[in-house]
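Numbered by my numbering, the letters in the first sequence go through residues 17 to 463 in order.
Notes for the one structure printed next.
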Amino acid sequence: MLRLYDTALRRVEALDLRRPGELALYVCGPTVYAEPHVGHGRFALVWDVLRRYARWSGLAVRHVSNVTDVDDKIIARADEEGGDAAGVAARSEAEWWQCMDRLGVERPDETPHATAYVERMVELIAGLVAGGHAYVGGDGVYFAATSVPDYGLLAPGPLDQLQAGARVQVGEEAGKRSPLDFALWKLAKPGEPTWSSPWGPGRPGWHTECVVMSLDLLGEGFDLHGGGIDLAFPHHENERAQAEAAGRAFARRWAHSGHVVAEGGEKMSKSLGNTMSLPQLLDAYDPRAYRLLALQSHYRRPMTVSPATLEAAGRAVEGLDGFGRELAAARGAEPDAGVRERFAERMDDDLDTPGAVAGLFEAMKHARVAGDEAVAAAVIDAWEKGLGLPLAREAQVPAAALAKAEARDASRASKDWARADALRAELVAEGYVVEDTPLGTRLRPAR
RNA sequence: GGCGGCGUGGCCGAGUGGUUCAGGCAAGGGACUGCAAAUCCCUCCACCCCGGUUCGAUCCCGGGCGCCGCCUCCA
């Protein structure tokens, strides 16, 4: 059984499935206001791997991930561009899914949109007001954080210290009673998208949508709630507080993925000039290189992304492809149980992908040296089905190049080395890697 | 300012109180090859600094230095 570090419990703990054999997973999705950056890519890869591995290990997974399509940042972006918020959201969301496809990230089973759930959010908020957990302030409706006894479970430390040490006055919203309170409903300012509510036209605060959508699509007491580590507090804590205040059982477990950093552990930021957009990365590198890079670091730790690390991972992927081509025939074999077991053991231990991957590399060496097809089959299955990293099967090479390869074989047979080498040089110039095998010249595109 | 985390060999990145170890990439040597490529074998390069605990610490404790995160929108 998969064991994960639970942010609330602060320890690694086995999943506590609501129904045996089924994993109901909710992952906080993107706010679609701009082009995705490399950090979004890592985030998406982590949860994609978790989902694939859970399924590989025999669980039926239902994965829901929201799209926040109404938000301050979307509105701000629309203002900058002189367009409307819905347009910004639609365009950004299209970019998001395009990147996900290129990364080989599977679509969630459901991708609810905040704007489609406003009515239900209003219902939830009204209930919270009626129950004394929320109040109407000057510019909106606010949740009274302290009305939930264990508020702060997902916070990085004791709340009084958070407040005491706060560098900046928390909360710019005027109507708040306490810095920890947060907006459930924001009354509209001129020009903003609005929905009607008992408190006047406005729009929902960010923290409410996930509560409503996760409970609607996955039901109470769903198994796991995930997201980026930056969301643990206050976003996820605020979700939890609302559900609790509404008397609804919420997520049984919480997991959070780490961030991406630049070389030297330096934060990625526009001012430092070390950022990369996700489309840029995907244009420049094999998307599988980014997946491998993500797999080679633990999901909760910061991950270094730089041209050097991406290139190294890219070369490793080429090696994987070589294995996939060389042992393509092994795919039909019965996968070796020992390899599968060791893989599962690593993965079950808080998704130890670096350890699991190390084991696969070792098994690959064995499979080649010993010509062990069962091991090869298990390794290929683990890469592809368990981790979502497909290996090459055979290269597609046009007939003209194949003809040259055959001509080279003929030259070699007659020991015409000069001609053989000339043909090889031509093929290399055409962008192929030329390899000799017992079956003759083999070609594959050089990357 | 408060709280938390991290500091491993050329690069990335696991891990552990003691002995053989991660793994990937890179580098060097060798095997194979007509020569290469691919592959295989071997090798080099570690545990930020200073104290302490211990028979023994990279791993435990304290201090220092450096980096990072959260506390405010954020994957």
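Don't be surprised by glycine CBs; every beta carbon is placed ideally from N, CA and C.
Report whether the distance from the Cβ of residue i to the nearest heavy atom of the ligand ATP is below 8 Å.
i           : result
residue 264 : Ligands in the displayed structure: none, and consequently the ligand ATP is not present.
What number of angstroms, rounded off, separates the C-alpha of residue i from the C-alpha of residue j?
i           : j           : result
residue 161 : residue 175 : 11 Å
residue 48  : residue 413 : 40 Å
residue 458 : residue 451 : 5 Å
residue 6   : residue 395 : Past the edges of the chain, shown from 17 to 463, lies residue 6, and the structure says nothing about it.
residue 242 : residue 43  : 5 Å
residue 464 : residue 240 : Because residue 464 is not part of the residues shown, which for the chain are 17 to 463, the question remains open.
residue 206 : residue 151 : 23 Å
residue 393 : residue 376 : 11 Å
residue 257 : residue 317 : 27 Å
residue 391 : residue 345 : 12 Å
residue 384 : residue 330 : 21 Å
residue 37  : residue 76  : 6 Å
residue 455 : residue 399 : 27 Å
residue 104 : residue 326 : 31 Å
residue 323 : residue 382 : 31 Å
residue 342 : residue 387 : 11 Å
residue 68  : residue 78  : 11 Å
residue 307 : residue 70  : 17 Å
Can you tell me whether residue i is buried or exposed? The criterion is at least 16 other CB atoms within 10 Å of its CB, across all chains shown.
i           : result
residue 112 : buried
residue 453 : exposed
residue 96  : exposed
residue 433 : exposed
residue 305 : buried
residue 430 : exposed
residue 444 : exposed
residue 422 : exposed
residue 168 : buried
residue 74  : exposed
residue 534 : No information on residue 534 is available, as it lies outside the stretch 17 to 463 that the chain covers here.
residue 26  : exposed
residue 380 : buried
In its own chain, which residues sit with a C-beta less than 7 Å from the C-beta of residue i, not counting the 5 before and 5 after it?
i           : result
residue 19  : 28, 29, 30, 364, 365 and 366
residue 134 : 211 and 220
residue 340 : 396, 407, 408 and 409
residue 17  : 30, 31 and 364
How about residue i and residue j: are their beta carbons less than 9 Å apart?
i           : j           : result
residue 427 : residue 418 : no
residue 220 : residue 203 : no
residue 359 : residue 404 : no
residue 249 : residue 171 : yes
residue 193 : residue 153 : yes
residue 227 : residue 262 : yes
residue 223 : residue 159 : yes
residue 447 : residue 462 : yes
residue 209 : residue 100 : yes
residue 301 : residue 62  : no
residue 137 : residue 225 : yes
residue 125 : residue 102 : no
residue 259 : residue 297 : no
residue 460 : residue 411 : yes
What is the DSSP secondary structure of residue i, reduced to helix, strand or coil?
i           : result
residue 200 : strand
residue 295 : helix
residue 366 : coil
residue 4   : As displayed, the chain neither begins before 17 nor continues past 463, which places residue 4 out of reach and without an answer.
residue 23  : coil
residue 439 : helix
residue 341 : helix
residue 459 : strand
residue 210 : coil
residue 240 : strand
residue 127 : coil
residue 448 : strand
residue 266 : coil
residue 30  : strand
residue 230 : helix
residue 49  : coil
residue 76  : strand
residue 35  : coil
Please go through the same chain and pick out, in chain order, the residues whose beta-carbon is closer than 6 Å to the beta-carbon of residue i, but skip the five residues on each side of it.
i           : result
residue 128 : 82 and 229
residue 46  : 112
residue 34  : 237 and 239
residue 187 : Low confidence applies here, because residue 187 scores a pLDDT of 44, under 50, leaving its location unreliable; read the following figure in that light. 195.
residue 368 : 362
residue 321 : 54 and 276
Within a Cβ cutoff of 8 Å, which residues of the same chain sit near residue i, ignoring the five residues on either side of it in sequence?
i           : result
residue 319 : 58, 274, 275, 276, 277, 309, 310 and 313
residue 293 : 51, 52, 53 and 54
residue 215 : 152, 156, 157, 201 and 203
residue 64  : 119, 120, 121, 122 and 404
residue 442 : 420
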